[in-house]
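Per the working numbering, numbering of the sequence shown is gapless, rising by one per residue and ending at 129. Where is the CB? At the ideal position from N, CA and C, for every residue including glycine.
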Amino acid sequence: MRTQRQVVDYSLQKRAVLRELLTGRVGTYDVCDASPYLKNAARFHGEQTDDRCPVCRSENLIHVHYIYGDELRQSAGQARTRAELPVLAMTLREFQVFVVEVCLGCDWNHLVEQFLLGRDGLAGEVEDASDSAAANGSTFRRRREAQR
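What follows is the structure, given as structure tokens:
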């Protein structure tokens, strides 16, 4: 996505959890604990992946995208499909997305990544001269409001 920024990847943490599981320091009941809400979100809003579950290896993982932000109000904390994210990114200034992988077979779940989306990410791109002047005016107004 064009406005994606401040990406945090949790793959090292995932590897550490799986290592703990394989060495027996942590049980499967500790890591395979997806809530019914997360499982429903995976069924209805999730995106199927080609990756197999690292625990049961019988089903493919599903990615669920949760959105949070001040402008979202009542929609904050909802799961959205990946197709809805670019539309929201063009209508909202800034919101945070958390991607969780879920296995519906064994209830494995783990935070995969987190990133910001929104129109504020477009400020660093090259713009037309007329767009740049308009953007500078709105940026000045936003800075002015932030100082108050």
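- Task: Tell whether a beta-carbon distance below 8 Å holds between L69 and L98.
- Result: yes
- Which whole-angstrom value describes the C-beta separation of F79 and L92, a residue pair presumed to lie in contact below a C-beta threshold of 8 Å? 6 Å
- From the DSSP output, read off the bridge partner residues of H44. E28 and E82
- Helix, strand or coil: which one does DSSP assign to D101? helix
- What number of angstroms, rounded off, separates the C-alpha of V7 from the C-alpha of V(-12)? Roughly 28 Å between the two C-alpha positions.
- Limits of the alpha helix (DSSP H) - the one that D(-12) falls within: Note that residue -12 is Val in the sequence shown here, rather than Asp. Per DSSP, V(-12) belongs to no alpha helix (DSSP H); it is in the beta strand (DSSP E), R(-14) to D(-10).
- Query: For G50, which residues of its own chain have a beta-carbon under 7 Å away from its beta-carbon, when the five flanking residues on both sides are left out?
  - Reply: A57, L73, E75, F76 and Q77
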